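Using the UniProt record's numbering, the letters of the sequence shown correspond one by one to residues 1 to 264.
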Amino acid sequence: LGRGSCFHFNFSSVRCLRRRSKTSRALHLLRRCKPCIDTMAPKSDSAEGIVLNFVNEQNRPLNSQNVADFLQKFNLKKAAIQKALDSLADSGRISFKEYGKQKIYLARQDQFQIPNTEELNQMKEENAKLQEMLEEQKKANSQLEGEIKSLQSHLTLEDIQSNDVKLRKQVKEMEERLTKLRGGVTLVSPEERKAVEKTYSDAISQWRKRKRMFKDVWDAITENSPKNPQEFKEELCLEYDEDIGVSLQIYSTLMPHGKKRPRG
């Protein structure tokens with residue numbers, strides 16, 4: 001304004017401009033803070049935090065059922081997981097695409113650093129080296145497992161010492177028996193002799209009894225049979241004691257004196 005000019009000031013207009021200015025600044029601050037609020041990460045132990053971490057770790061297309069199956073250990077219900085996925089998708093923390101009634105979710109790719117060609121080649125070389133190291137480690141593990149199995153098949157020091165004690169004891173007992181035998185001492189006790197004689201006598205009795213039973217049955221079968229008994233016996237592949245050179249009478253004579261029985 002020039003000097004001496006007249007200027008009419010409208011105070012009501014100034015107050016209105018001030019109110020508009022305050023409102024504009026508030027809206028500007030809200031716009032600046034809104035991205036900060038939207039990008040604020042959820043707590044790691046919350047449903048959204050668990051789902052977000054899982055989606056980012058997998059970095060592959062997932063549906064709500066995939067996520068629910070993998071996160072069973074967190075005791076999250078499918079409804080809570082679906083709600084968390086929708087919330088994360090609405091806030092832009094994960095990407096999604098609808099295929100009919102199904103939604104497919106994916107980690108945001110702009111959060112990952114994409115390597116260039118040189119870095120990719122370097123990563124491939126490192127991966128090849130790691131694969132070689134892995135194969136070498138597998139071979140070493142197989143060799144160690146073989147050595148462990150071989151060692152497990154051998155006796156331990158405690159087993160060897162225990163067996164040594166037992167064998168020394170057996171050797172000592174056998175040497176004592178040998179000394180007695182050389183001196184003409186009978187090593188069989190009366191009780192042992194009696195038990196052996198009883199077992200032998202019972203066996204001979206059973207042999208005689210069963211032989212008699214067979215003879216009775218065989219005679220009853222062949223008495224009215226048109227077949228020749230000898231041919232019938234060969235047809236049935238039967239063998240008598242005499243056919244294999246065994247005689248009940250001979251074994252009966254070996255029984256203790258006074259216990260012999262007549263031939264059956």
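C-beta atoms are modelled at their ideal positions from N, C-alpha and C, and glycine is treated no differently.
These numbers come from a predicted model, not from an experiment.
Counting the other Cβ atoms within 10 Å of the Cβ of L120 gives fewer than 16, which makes it exposed. Using a 10 angstroms sphere on the CB of R93, the tally of other CB atoms reaches 16 or more, which defines it as buried. Straight through space, the alpha carbons of L178 and Q143 are spaced by roughly 49 Å. Three or more Cβ pairs closer than 8 Å define a contact, and the segment 43-63 meets that threshold against the segment 72-82. The Cβ neighbour count for S225, taken over all protein chains shown within 10 Å, is under 16; the residue is labelled exposed.
In the three-state DSSP reduction, E175 falls in the helix class (H, G or I). By the neighbour-count definition (other C-beta atoms within 10 Å, threshold 16), S252 is a buried residue. Taking a cut-off of 8 Å for Cβ pairs, the segment 48-68 and the segment 87-106 touch, as three or more such pairs fall below it. When only Cα atoms are considered, G146 and N56 end up about 41 Å apart. Rounded to the nearest angstrom, the gap between the Cα atoms of N163 and E173 is 15 Å. Rounded to whole angstroms, the separation of the alpha carbons of A128 and E136 is 12 Å. Nearest to Y240 by C-alpha distance, out of R182, D219, K211, V217, is K211.
Straight through space, the alpha carbons of K227 and A220 are spaced by roughly 13 Å. Per DSSP, the beta-bridge partners of I104 are K97. The Cβ-Cβ distance between L248 and W207 falls below 8 Å.
Counted as a single uninterrupted DSSP element, the alpha helix (DSSP H) harbouring L151 occupies residues 117-153. DSSP places Y251 inside the alpha helix (DSSP H), whose first and last residues are 248-253. Collapsing the DSSP output to three states places L76 in coil. In the displayed model, L181 falls within a helix according to three-state DSSP. Secondary structure note for N66: its alpha helix (DSSP H) is the uninterrupted segment 64-70.
If you ignore the 5 residues before and after F96, its C-beta comes within less than 8 Å of the C-beta of L85, A89, K103, I104, Y105, L106, all in its own chain and listed in chain order. Just measuring C-alpha positions, the residue of Q122, G184, L254 sitting nearest K198 is L254. If you draw a straight line from the Cα of E191 to the Cα of I204, it comes to about 20 Å. Straight-line measurement puts the Cα of M133 at about 41 Å from the Cα of K78.
Annotation for V55: the continuous alpha helix (DSSP H) segment containing it runs 47-58.
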